[in-house]
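Residue numbers (the numbering used here): 1 to 270. All remarks here apply to the structure that follows.
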Ligand SMILES: *[C@@H]1O[C@H](CO)[C@@H](O)[C@H](O)[C@H]1NC(C)=O
C-alpha cells in the first residue's frame, strides 16, 4: 500500500500516524507518542528526511539515512523509540507499519533487487568501528541462555532489545521480514555463500533462530510502556492525554537513559 504513495505523503504518514488509534493499532499509538515528545519527534523527522532524500546518482543517501537512524535510537527516549520498533501487532496493517518504521527501502534493503550473501554485511561489519561493537553487544546480550526455558534470562530481555535496536542503522540492520509474523533478519541470505555456508547460517541464525530475541520481542507486548496505555483510551481528550504522555515520558527518559548500553552512548561512533 505504502509503495504507491509519494514520498511527501509517506513522510506525513510516518510523522503523524496514518489511522486513528481507535482500531487498536499499537504501532500508530507508538508513532503518536513519539510525535508528542519534542526530542523523539525531532530525531525521527531527521531520519525520515534523510532516508527519503535523493542521492546524486539516484537511489537514496543510505549512509546519512543510517547515521540519522543510529542517532534516533541512541539519543531518543528508549521507552518511545523501542515502542516504535517493537510495537505488538495482531494484524497485517499494524505489522506492515512496524516493518516500515525506519524507511527500510533506504536503510535496510537495496541497492540491488536481490539480497547479498550474509557474509558480505558480516565482513563489512567486522571491519567497521561503528558496527563491530554493536554486533558484539548483540551477540553477548541476545545469546539464548540454555538454562532459561523461554530463551532469555529475565533481566536479559531488555538488554537484548537495546542491543538489537543498536544494530539498526549499521551494515547488519535487521528488520521484520513480512507483515504476518514478528520474524526478523538482516537483508541477506545464505544461497551464494560457497564453502562458508555454515558461517553464513550461523550468523543469520542469530536473528532467525534465536529464542531469546523472539521471546524478548514477544514479551515487549506485556511490558508495553505504561505511558502509552493512555493512548488506547478512545474516550480520552486527545490534547490532555498527549500532554500527559509527554511529561511522563520526560520522567521515564531520565531514568532509562542511565541504563542504556555504553556502546550506544559513545558519541564518537555516531
Ligand atoms: C503485506 O505484505 C504483502 C506482501 O508484501 C502486501 O502485498 C500487502 O499489501 C501487505 N499488507 C498490508 C496490510 O500492507
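Where a beta carbon is used, it is the ideal one built from N, C-alpha and C, also for glycine. In this text, all values refer to a predicted model and were calculated from it rather than measured experimentally.
Helix, strand or coil at residue i [DSSP, three-state]
i           : result
residue 165 : helix
residue 214 : helix
residue 170 : coil
residue 177 : coil
residue 233 : Because the pLDDT of residue 233 is 46, which lies under 50, any placement of that residue in the model is unreliable, and the number read from its coordinates should be weighed accordingly. In this structure, residue 233 counts as coil in the three-state DSSP scheme.
residue 116 : coil
residue 130 : coil
residue 199 : helix
residue 219 : helix
residue 102 : coil
Whether residue i touches residue j by CB criterion (8 angstroms)
i           : j           : result
residue 153 : residue 29  : no
residue 196 : residue 119 : yes
residue 182 : residue 163 : no
residue 42  : residue 94  : no
residue 170 : residue 131 : yes
Ligand 1 heavy atom lying under 7 angstroms from the CB of residue i
i           : result
residue 175 : no
residue 114 : no
residue 179 : yes
residue 92  : yes
residue 198 : no
residue 96  : yes
Counterpart residues of residue i in DSSP-defined beta bridges
i           : result
residue 184 : 176
residue 150 : Residue 150 pairs with nothing; no bridge assigned.
residue 189 : 117
Which ranges does the alpha helix (DSSP H) cover as unbroken runs of at least 4 residues, wholly within the stretch 14-97, from first to last along the chain? 26-35, 38-51, 62-75 and 78-86
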